[in-house]
Amino acid sequence: MKQLSPLEDVMGALTLATALATSLFLSTVAFAQSTAATLAGTVVDEQKSALPGAVITVRNTDSGQVRSTTSDERGSFRIVGLPPGRYGLTAELSGFARLVQPDVSLSVAQELTVGLSMRLAALEEAVTVTAELPLVETTRSALGTTITTGEIEALPIANRNFANLAQLTPGVTSTAGTGISSAGQLTRNTTFLIDGLSNDDDSVAGQRGGFSVDAIKEFIVVANAFNAEYGQSSGAIISVVTRSGTNKFDGRGFYYHRDDSWDASTAASKLVTPAPPKSRLEQKIVGGFFGGPIRRNRAFFFGSVEYTRQLSENLVTSPTARIFLPNDPIVFEQPTTNPQVLGKVDMALASSNTLALRYRIDTDRIVGTGIGGNSTRERGQDRDRRDQDFAVHDNWVVGSRGLNEFRMQFARRYFNWDVSRYCPGCPTINRPGLNLGKASNMPQGRTEDRIQLANTFSWLAPASWGDHAFKVGVDASFIDLFSEFHNNLYGTFTFTTSTPFNPAVGATYPTQYTQNVGDPIVRLNNNIYALFAQDQWKPVSRLTINYGVRWDYEDVVGIAHDKNNIAPRLGLVWDITGSGRTVLRANTGIYYDQIFLNIPLNAENAKKFVQTLITNPGFPDPNGPNPNRTGGPITPIPSTTQFSPDNRTPYTRQVTAGIQRQIGSTFSISADVVSARGQGLLRSIDANYPDLDDPLRRRPNPAFQRITVVQTKGNSWYTALQMGVEKRFSNRHSYTIAYTLGQTERDTEDFNFFPVDQRVYHAERGPANNDARHRVSAAVSYQLPWQIQASTLIAARTKLPYSITTGADDNRDTQTNDRPAGVGRNAGRGANLFQADLRLTKRMQLRELDFEVIGEAFNLTNQKNWTNFDGNQRSTTFGRPANGEMTRRVQLGFRVDF
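The opening residue of the sequence shown carries number 6 in the numbering used here; numbering runs sequentially from there.
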């Protein structure tokens, strides 16, 4: 296939981005979600009377940057736009002793409220406060969790994928095999942000690129009820802040190694008889970071690099594979390489103006992907990926009450799937429990360019207005997609039997053949816009009202432009006693998602393709002899795909209510009831659906076979009790627990979901694919003697559902998704999941060097955690899994900080 050109000239990208940034400062710009923290509080004397006029100063311990404000007539103060990190806080007022709080930690998007009590100067020159900071945020109504630097560095992270830690948020699942989801939504509905800018792949609504875990400072996971500044997601928000340089030169080097001799046999090997030798695996990860001052207190640099090289093996487990490919092996090597580089510069242009520049490149090559389980060698692909982006972030403090945050990025994602080494000219052949031929959507490739422009303005109202903190912003992303998609250009045969084809036996013939003919190249543009306004209002000291409204719009070609996506949000937080230790919180709001580009892309492809569908064709010649039930010759009749012109943007309506309580200085517990109703979800119907009461199954328009129409009329229902427990580090240990008791139902799963009988679409309501009644995740860290730290990450859930089908087109509507009589959708249940990961770290010091020797075991108890259960009653593997999650893996490594 034609190779898509990656971004070859880095300097060219930087030049373009710089030019864009320059132009942006001269025009109205756009909004992005803020990662900055807010520090607020009240200054009082020993009699609890408000102290106006106190000068509050915070100084960043790492960068030396200073921000100040003055308490108002109520004694209140608020400092916004503080980068996450450690600060020293002072409060000064004539006649009072200077108050010092030397260690205040602020995390990403945190709203920290502190109470400052000042004493008369006659008693003391200065008062140093070392009290523990609160675990309860008395002004935040959104439900979420912050994953700190300490947790990222201490916990075992499988595949060094930081998003695995998102499961420590109640209501969020990120266990292997199910992706990250919340509120009963799909993984597609989760939005990723890096330094406040989108890290989404607009084509498939997934994450765009990655970087070294060691380059992450911390990240926040917002599961439900986020403010109006967050959008384009009906699920979770994951917002990451990358590290920056400081006034101190520091760096790190690391190396991690895995080898199959340390590991257990794969779960898939238990499904093959006789059992094959242990799958080969060798993985080496090397990298590090370095940062420091360019000019003390004014400019800083940071850079990280990580390189992964892995050789693994995939196993074909289908028992019928040897019947059709007797000379093929069942074990196939899959080498992978993945270099990741990130560079960042932070500058203080003035005391009120800071600028950050960041560049990232992340590439990988995977050879032999697509093989394994029920998929044979013929399904193999070699995949190349390259992600690059350049980002600008400018913070400008406007007077004593305002803050303007400007962001911009230029990003490019390049993908190419090559099948030339496997079975490039083969048709796709689908049999019960076996996949032969190349994948019907291969080969393919795409390049997606994104320019995002962003601006947010925050303003603290004067005391005469009441206690208001306003924030407004706009958002614009301009996306250009070039796609080369060979969608079923070689045809697809569907069989309902595992018996090889015999021209003399009608039962061995395929039941269906489809093929497209046309131009695989499509280019699309998508412009995404958003506006928002929100306010945090405290009508009384113990009550916070977070309210706002957001508007989203996208104008991609081929879909209806939904202009009424107005999303109001309302959250309440009540500090019950005024001590900041117990809060009641409640939220309601509308949360719009977006139509990912593959949907209009498929519709545009359909305009350029002629689609043919033949029932009961010959094999290997679709037009050859066949046991046609209706008699007479078969004439190919085209099919087509469309996107419904009256579609709307998918969204959820969420309602939450709960309580959070701090016990002592190190322990907190929370419980929230969450209800989310999804509407306008993607699904498909056949607009030329055959008359099932007609023995000949005639269609309304005889000039076409199937007319697939993608609609936004699906629904989801989610109800859950989400509970969290946090124990801050003390007495040598800390832990976090997240538990969810929930139920998720849907009447669709994705854009390509068809009902068994579309005359009764409501019958498709049933358990969602990611419905698990119970989920629990926990992280525990314990400081052992001899500078040894033990940390564990545990995830468990009950069984996920799967659909049971007859494996045939019983009602002859050309869909082979029919279920047995009386069996609802997703009536089967797979296996429970339990995974415990362990990390042991031994620390040593040699002068200025800190050494860590690290041992990690993933899935320590070696649970098989079966997946991909076969629901086809005609399959020889009916009711059995086709694969399993990762079995026990051991990784050794070391880390040196200097």
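The C-beta atom is built at its ideal place from N, Cα and C for all residues, glycine as well. None of these values were measured; they are calculated from a predicted model.
{"Asked": "Here's the rule: buried if 16 or more other CB atoms are within 10 angstroms of the residue's CB, otherwise exposed. What is Arg365?", "Found": "buried"}
{"Asked": "With a threshold of 16 other CB atoms inside 10 Å of the CB of Val562, please say whether the residue is buried or exposed.", "Found": "exposed"}
{"Asked": "Can you tell me which of the three DSSP states Asp333 falls into?", "Found": "coil"}
{"Asked": "For Phe295, verify whether its CB is less than 7 Å away from any heavy atom of the ligand SAH.", "Found": "Absent from the structure shown: the ligand SAH. Ligands present: none."}
{"Asked": "Just to confirm, is the Cβ distance from Ser735 to Thr671 under 8 Å?", "Found": "yes"}
{"Asked": "Is the stretch 735-754 touching the stretch 675-688, taking contact as three or more C-beta pairs under 8 Å?", "Found": "yes"}
{"Asked": "When you compare only the Cα positions, how much space is there between Gly663 and Ser39?", "Found": "25 Å"}
{"Asked": "Kindly indicate which three-state DSSP category Arg900 falls into: helix, strand or coil?", "Found": "strand"}
{"Asked": "Run through DSSP, which three-state label would Leu21 get?", "Found": "Confidence at Leu21 is low in this model, with a pLDDT of 38, below 50, so the placement of that residue is unreliable and no value is reported for it."}
{"Asked": "Is Trp470 helix, strand or coil when you go by DSSP?", "Found": "helix"}
{"Asked": "Which same chain residues end up closer than 6 Å to Arg900 when comparing Cβ atoms and leaving out the 5 residues on each side of it in sequence?", "Found": "Phe259, Glu857"}
{"Asked": "Any idea if Phe307 is buried or exposed, counting beta-carbon neighbours within 10 angstroms, 16 or more meaning buried?", "Found": "buried"}
{"Asked": "Buried or exposed, going by whether 16 or more other CB atoms sit within 10 Å of the CB of Val678?", "Found": "exposed"}
{"Asked": "Quick one: residues in its chain with C-beta nearer than 6 Å to the C-beta of Thr341, no 5 flanking neighbours on either side, listed in chain order?", "Found": "Gln315, Ile371"}
{"Asked": "Are Val588 and Val209 close, meaning C-beta to C-beta below 8 Å?", "Found": "no"}
{"Asked": "Can you name, in chain order, every residue of its own chain whose Cβ lies under 8 Å from the Cβ of Ala512, other than the five neighbours on each side?", "Found": "Thr502, Thr504"}
{"Asked": "Just the C-alpha distance for Leu536 and Asn569, rounded to the nearest angstrom, thanks.", "Found": "12 Å"}
{"Asked": "Arg780 and Lys804: beta carbons closer than 8 Å?", "Found": "no"}
{"Asked": "Suppose the cutoff is 7 Å on Cβ atoms and the five residues either side in sequence are ignored; what does the same chain contact list for Ala887 look like?", "Found": "Thr322, Gly378, Asn379, Asn873, Asp875"}
{"Asked": "Helix or strand or just coil, what does DSSP make of Thr635?", "Found": "In this prediction, Thr635 scores a pLDDT of 44, lower than 50, which makes its location untrustworthy; the coordinate-derived value is nonetheless stated afterwards. If DSSP states are grouped into helix, strand and coil, Thr635 belongs with coil."}
{"Asked": "Count the CB pairs spanning the stretch 481-493 and the stretch 443-462 that are closer than 8 Å, and state whether there are at least three.", "Found": "yes"}
{"Asked": "In chain order, what residues of the same chain have a beta carbon less than 6 Å from the beta carbon of Gly898, not counting five sequence neighbours either side?", "Found": "Tyr260, Tyr261, Ile859"}
{"Asked": "Quick one: what's Val521 bridged to in DSSP?", "Found": "According to the sequence shown, residue 521 is Asn rather than Val. Gln616."}
{"Asked": "Can you tell me the Cα-Cα spacing of Pro298 and Ser249, whole angstroms?", "Found": "10 Å"}
{"Asked": "Could you work out which residue in Asn607, Thr150, Lys476 is closest to Asp524 when comparing CA atoms only?", "Found": "Asn607"}
{"Asked": "Could you spell out where the beta strand (DSSP E) holding Glu383 opens and where it closes?", "Found": "Note, Glu383: premise wrong, no beta strand (DSSP E); not H, not E."}
{"Asked": "Mind checking which residues open and close the beta strand (DSSP E) that includes Gly407?", "Found": "407-423"}
{"Asked": "Going by alpha carbons, who is nearest to Arg711 out of Thr620, Asn775, Asn867?", "Found": "Thr620"}
{"Asked": "Residues in the same chain with beta-carbon distance under 6 Å from Asp902, minus the five sequence neighbours each way, listed in chain order, please.", "Found": "Arg257, Asp855"}
{"Asked": "Does Trp464 come out as helix, strand or coil in the three-state DSSP assignment?", "Found": "strand"}
{"Asked": "If you reduce the DSSP assignment to three classes, tell me which class Gln237 lands in.", "Found": "coil"}
{"Asked": "If we require 3 or more residues per run, which beta strand (DSSP E) segments fall completely within the stretch 124-167?", "Found": "131-133, 148-152"}
{"Asked": "Within the continuous beta strand (DSSP E) that includes Arg72, where are the two ends?", "Found": "71-75"}
{"Asked": "Between which two residues does the beta strand (DSSP E) harbouring His738 extend?", "Found": "738-751"}
{"Asked": "What is the rounded straight-line gap between the Cα of Gly240 and the Cα of Gln850?", "Found": "44 Å"}
{"Asked": "Whole-angstrom Cβ separation of His566 and Asp560, contact assumed at under 8 Å?", "Found": "5 Å"}
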